[in-house]
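A quick write-up on the structure given underneath.
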Amino acid sequence: MDSKTFKSGRVTIVIHSNLVHMTSDERREWFQKEQERKNPVLMKLNEIIHKINKEVALG
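Just so you know, the working numbering puts 6 at position 16 of the sequence shown, and the rest follows in order with no gaps.
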């Protein structure tokens, strides 16, 4: 399994997943489908990312 690093605001996110082998469009489609399905892992990751970004913004 490979990894890829992304920046979201001032937060660095490292993804360890086979998703890194997908094109940008394939990932976007996958994320949209999984959000519609209420994938619990994806929903929790979104919650954590938003919480971290909020805390970083409040400094």
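Don't be surprised by glycine CBs; every beta carbon is placed ideally from N, CA and C.
Quick caveat: nothing in here was measured; it's all calculated off a predicted structure.
List, from N- to C-terminal side, the beta strand (DSSP E) runs of 3 residues or more that fit wholly inside the region -1 to 46.
1 to 6
Under 8 Å between C-beta atoms of Leu35 and Gln25
Numbered from 1 along the sequence shown, position 45 holds the residue referred to as residue 35. Numbered from 1 along the sequence shown, position 35 holds the residue referred to as residue 25. In this structure, Gln25 does not lie closer than 8 Å to Leu35 by Cβ.
Looking only at its own chain, which residues have a Cβ that is under 6 Å from the Cβ of Phe(-4), when we skip the five neighbours before and after it?
Position 6 of the sequence shown, counted from the first residue, corresponds to residue -4. Excluding residues within five positions, the ones whose Cβ falls inside 6 Å are Ile3.
Give me the Cα-Cα distance between Ala47 and Arg0, rounded to the nearest whole angstrom.
The residue labelled residue 47 in the question sits at position 57 within the sequence shown. The residue labelled residue 0 in the question sits at position 10 within the sequence shown. Distance between Ala47 and Arg0, taken at the CA atoms: about 8 Å.
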